[in-house]
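Colleague:
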Amino acid sequence: MAAEHRIRHILLRHVESFLMLFSKRAALRTGSIVTAVAAVIGTAAVSQASGRPTVDSHTVARSRVTPIAPQLRVPEGNKRIAELAAKGVQTYACSNGAWTFVEPAATLSDAHDRRHRPLALHSRGPVWVSTVDGSAVNAAAVPGASNPRENAVPELLLKTTANRGSGLFGSVSYIQRLNTRGGVAPTGSCEAGAQIGVPYSATYFFYAPADR
41 MAAEHRIRHI
51 LLRHVESFLM
61 LFSKRAALRT
71 GSIVTAVAAV
81 IGTAAVSQAS
91 GRPTVDSHTV
101 ARSRVTPIAP
111 QLRVPEGNKR
121 IAELAAKGVQ
131 TYACSNGAWT
141 FVEPAATLSD
151 AHDRRHRPLA
161 LHSRGPVWVS
171 TVDGSAVNAA
181 AVPGASNPRE
191 NAVPELLLKT
201 TANRGSGLFG
211 SVSYIQRLNT
221 RGGVAPTGSC
231 EAGAQIGVPY
241 SATYFFYAPA
251 DR
């Protein structure tokens, strides 16, 4: 228990440090990162105790081919560098009697890691922050690049708007959100002030310029 407490303390200090570095970026909201941290703390001790998980480039190369809608395809000149599985919630708040999207909060792990050791946090911005090297990427949905999914949030193509660091996300240029499940806003009316997190999962594919 003492070792687990120490690992949690180290992780929290790490998260706080890159939150401070990101404080000048409007796209990053501290509250949403804290929400995501709460989701990852429960499993972080196990992953840290067994060694830092990393994205294996050979694993990415062996990735199964996933059918991708034409509008979600990444422009030529970019290569896939990571495939991360996300689990978390899509948060909605009641506004004027209807549920309105607020933010995502999820943890990401190597899609081929059976132990699901966390590699990154995903939150409002949207932003993805590596818990391994502190690198980060902000992105925005490409207009018209959306693919509906039954009983799930849509698949998306996003283009990078800002990067930080030289690690995992330091050179990311495009992101695909694919294989989405769940996360759809509740139906019906709601009471003012109510908030709910709807569980969702997705696979995020990260791309960088091919010449890097």
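The opening position of the sequence shown corresponds to residue 41 in the working numbering, with each subsequent residue numbered one higher. All C-beta atoms in this analysis are idealised placements derived from N, C-alpha and C, irrespective of residue type, glycine included. The structure displayed is predicted, hence computed values, not measured ones.
#1: From Pro188, Ala225, Ala176, pick the residue whose C-alpha is nearest to that of Thr205; which is it?
#2: For Leu148, which three-state DSSP category applies?
#3: Quick one: residues in its chain with C-beta nearer than 7 Å to the C-beta of Gly117, no 5 flanking neighbours on either side, listed in chain order?
#4: What do you get for Glu123, buried or exposed, if any count of 16 or more other CB atoms within 10 angstroms of its CB means buried?
#5: From the DSSP output, which residues share a beta bridge with Gln111?
#6: Could you check how far apart the C-beta atoms of Leu218 and Ile108 are, in whole angstroms? I think they sit under 8 Å.
#7: Over what stretch of residues does the beta strand (DSSP E) that includes Glu231 continue unbroken?
#8: In the DSSP output, which residue or residues are listed as bridge partners for Asn187?
#9: For Pro110, count neighbouring Cβ atoms within 10 angstroms of its own Cβ and tell me buried if that reaches 16, exposed if not.
#10: For the ligand MG, I want to know if Ser186 counts as a neighbour, meaning its beta carbon is within less than 8 Å of at least one of the ligand's heavy atoms.
#11: Within 8 Å, do at least three Cβ pairs link the region 169 to 187 to the region 131 to 142?
#12: With Ala181 and Leu198 assumed to form a contact (beta carbons below 8 Å), what rounded beta-carbon distance in angstroms separates them?
#13: Using the rule of at least 16 other Cβ atoms within 10 Å of the residue's Cβ for burial, across every protein chain shown, is Arg252 buried or exposed?
Modeller: Taking the definition as stated:
#1: Sequence check: residue 205 is Gly here, not Thr. Nearest option by C-alpha distance: Ala176.
#2: strand
#3: Pro249, Ala250
#4: buried
#5: DSSP lists no partner for Gln111.
#6: 7 Å
#7: Careful: Glu231 lies outside any beta strand (DSSP E) and carries neither H nor E.
#8: Glu195
#9: exposed
#10: No copy of the ligand MG appears in this structure; indeed no ligand is present at all.
#11: no
#12: 5 Å
#13: exposed
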